[in-house]
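S.K.: The structure is given below, and queries will be raised subsequently.
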Amino acid sequence: MAVPDKTASPPSGAEPAAASDVTAKAPGTEHTPYARPPADRAADRRERARRWRASWRRRETRAAYGFLSPWIFGFVVLTAGPMLATLYLSFTDYDGITAPQGVGTANYQQLFEDPDVAKSLMNTLLFTVLRVPLSMAIALALAVLLVRVGRATGLFRTLFYLPVMTPSVAVGILFLLLFNGNVGLINTVLGFAGVDGPSWTTDGDWIKPGLVLTQLWSVGSTVIIYLAALKNVPQDLYEAAEIDGVGRWQAFVHVTLPQISGALFFTLIVNTIASLQTFTEAYTAFFGSANSQTYGNDAALFYVVHLFQQAFQYMHLGYASALAWLLFLVILVITLLQAKFSKRFVYYEGDQP
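Following full-length UniProt numbering, the numbering of the sequence shown begins with 1 at its first residue and continues without gaps.
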């Protein structure tokens, strides 16, 4: 039999065999003509992951705005909108009926000419100076006692907080009943002790202290804040202080107070702002229809009371708007000063020694 010549050329008209048909490739060495290199595939995966994260962040942002939308709506409609409206009205003469008439800065100039502005502002500042430290000290003392009560803490915590729910108008009426110079409960109790009580509701020197004592009725919210802060003080700090021979009072001053200084600072800011805006109790007790001519009203003329009278009693809404912006600036300045000096005594756990 004749052996075919492997070197012979293919027959005429026949196509040459493809290389893939002639040469067998080793397994795993096949190459798909359109496959991307591994580096490009990794870049694609990273791009898809980036797009997925961006899409997820957009969905989270939309959800966050959805949950915040009630607050945003309330802030714009009930806070920011009225503030801008009063800023405009403060440059006008407006009585609530006729259209506002521009008067430039006349309302702000009147602030310096109105004697009741300085009087009411001084009354408010003095009331704030009396009320804020006293309420914070009493609330802290009650919170310290609650920590030591034990299982009954929940009961006393509720009892201390209940007066906060009392309407401010009722507190103003309660002031007249308790602090009446002739038949009031406070002077009656003082009489049993042989003390002649002052005329709380008619003596100008005792009106603001009486109102301060009345508002101590509602220190329960501050007590709750202090109680939570005291429970978060690490116990090992007290143990270390006891090992070092530190007494209870020194431990309270050098351990407890620094550890709860953040809560103290927060309540200082909140109580200061609330005191500067005091209105209902004083107005109910001294400026109602039955008490409008009571002696000593000037001592109870707080700033917001004067603002209310100008706005809704005399219908000077443009001037009242200027009064409101002056109060806003006073609160802003006091708050900024408190925040500046707080760096000296406020300690946060993350602060470096």
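C-beta atoms are modelled at their ideal positions from N, C-alpha and C, and glycine is treated no differently.
Helix, strand or coil for residue 277 per DSSP?
M.R.: Three-state DSSP puts residue 277 in coil, outside helix and strand.
S.K.: Cβ of residue 263 within 8 Å of Cβ of residue 226?
M.R.: Against a cut-off of 8 Å, the Cβ pair of residue 226 and residue 263 comes out as a contact.
S.K.: How long is the line joining the alpha carbons of residue 180 and residue 84, rounded to whole angstroms?
M.R.: Answer to the nearest angstrom: the Cα atoms are 43 Å apart.
S.K.: Would you check if there are 3 or more beta carbon pairs closer than 8 Å linking the stretch 230-239 to the stretch 167-179?
M.R.: Short answer: they don't touch.
S.K.: Using three-state DSSP, classify residue 93 as helix, strand or coil.
M.R.: Residue state, collapsed to three classes: strand.
S.K.: Tell me whether residue 316 is buried or exposed, calling it buried when 16 or more other Cβ atoms sit within 10 Å of its Cβ.
M.R.: Buried.
S.K.: Starting from the C-beta of residue 185, find all residues in its chain whose C-beta is less than 6 Å away, skip the five residues before and the five after it, and write them out in chain order.
M.R.: Correct list, in chain order: 178.
S.K.: With which residues is residue 101 paired in a DSSP beta bridge?
M.R.: Residue 101 is bridged to 93.
S.K.: Run through DSSP, which three-state label would residue 116 get?
M.R.: Three-state DSSP puts residue 116 in a helix.
S.K.: Please identify the residue among 172, 111, 221 whose C-alpha is closest to the C-alpha of residue 325.
M.R.: When each option's Cα is compared against that of residue 325, the closest is 111.
S.K.: From what residue to what residue does the alpha helix (DSSP H) around residue 306 run?
M.R.: It spans 303-308 - the alpha helix (DSSP H) in which residue 306 sits, taken as one unbroken run.
S.K.: Is the stretch 327-343 touching the stretch 266-277, taking contact as three or more C-beta pairs under 8 Å?
M.R.: Counting Cβ pairs under 8 Å, three or more are found: they touch.
S.K.: Using the C-alpha atoms, what's the distance from residue 42 back to residue 25?
M.R.: Because the pLDDT of residue 25 is 49, which lies under 50, any placement of that residue in the model is unreliable, and the question is left without a value.
S.K.: How far does the alpha helix (DSSP H) with residue 322 in it reach, from first residue to last?
M.R.: Start and end: 317-341.
S.K.: Where residue 259 and residue 244 are concerned, what is the direct C-alpha to C-alpha distance, given to the nearest angstrom?
M.R.: Whole-angstrom Cα-Cα distance: 18 Å.
S.K.: What is the DSSP secondary structure of residue 256, counted as helix, strand or coil?
M.R.: Three-state DSSP puts residue 256 in a helix.
S.K.: Can you tell me the Cα-Cα spacing of residue 113 and residue 278, whole angstroms?
M.R.: Approximately 23 Å between the Cα atoms of the pair.
S.K.: Assign residue 306 to one of two classes, buried (16 or more other C-beta atoms within 10 Å of its C-beta) or exposed (fewer than that).
M.R.: It is buried - the Cβ of residue 306 has at least 16 other Cβ atoms within 10 Å.
S.K.: Counting pairs of beta carbons, one from the stretch 321-336 and one from the stretch 143-160, are three or more of them closer than 8 Å?
M.R.: The answer is no - the stretch 143-160 does not touch the stretch 321-336, with fewer than three Cβ pairs under 8 Å.
S.K.: Let me know if residue 249 comes out buried or exposed under the rule of 16 or more other beta-carbons within 10 Å of its beta-carbon.
M.R.: The residue in question, residue 249, is exposed, as its Cβ has fewer than 16 Cβ neighbours within 10 Å.
S.K.: By alpha-carbon positions, which one of 336, 89, 55 ends up nearest to residue 102?
M.R.: The shortest Cα separation from residue 102 among 336, 89, 55 belongs to 89.
S.K.: Take residue 334 as the anchor and find which of 348, 272, 173, 302 has the nearest alpha-carbon.
M.R.: The candidate whose alpha carbon is nearest that of residue 334 is 272.
S.K.: In whole angstroms, what is the alpha-carbon distance linking residue 234 and residue 254?
M.R.: Going by the C-alpha atoms only, they are around 13 Å apart.
S.K.: Under a Cβ-count criterion, where at least 16 other Cβ atoms within 10 Å of its own Cβ denotes burial, should residue 65 be classed as buried or exposed?
M.R.: So residue 65 ends up on the exposed side.
S.K.: Kindly give me the distance between the Cβ atoms of residue 252 and residue 214, rounded to whole angstroms, as I take these residues to be in contact under 8 Å.
M.R.: Actually they do not touch by this definition, with Cβ atoms about 29 Å apart.
S.K.: In whole angstroms, what separates the C-alpha of residue 49 from that of residue 56?
M.R.: One C-alpha to the other measures close to 10 Å.
S.K.: Mark residue 131 as exposed unless 16 or more other C-beta atoms lie within 10 angstroms of its C-beta, in which case mark it buried.
M.R.: Classification of residue 131: buried, given that the 10 Å Cβ count is 16 or more.
S.K.: Using a threshold of 8 Å, state whether the C-beta atoms of residue 200 and residue 210 are closer than that.
M.R.: Yes, the Cβ-Cβ distance between residue 200 and residue 210 is below 8 Å.
S.K.: Is it right to say residue 301 is buried, meaning 16 or more other beta carbons lie within 10 angstroms of its own, or is it exposed?
M.R.: Buried: at least 16 other Cβ atoms inside 10 Å.
S.K.: Which first and last residues belong to the alpha helix (DSSP H) in which residue 206 is found?
M.R.: Here the alpha helix (DSSP H) through residue 206 covers 204-215.
S.K.: Excluding the 5 residues preceding and the 5 following residue 206 in the sequence, name in chain order all residues of the same chain whose CB lies nearer than 7 Å to its CB.
M.R.: Only 198, 199, 200 meet the Cβ criterion.
S.K.: Does DSSP put residue 249 in a helix, in a strand, or in coil?
M.R.: Note: residue 249 maps to helix in three-state DSSP.
S.K.: Any idea what DSSP makes of residue 219, helix, strand or coil?
M.R.: Coil, per DSSP.
S.K.: Apart from the five residues just before and just after residue 285, which ones in its own chain have a Cβ nearer than 6 Å to its Cβ?
M.R.: Closer than 6 Å at Cβ, skipping near neighbours: 172, 175, 176.
S.K.: For residue 139 versus residue 223, is the C-beta distance shorter than 8 Å?
M.R.: Yes, Cβ-Cβ distance for residue 139 and residue 223 is below 8 Å.
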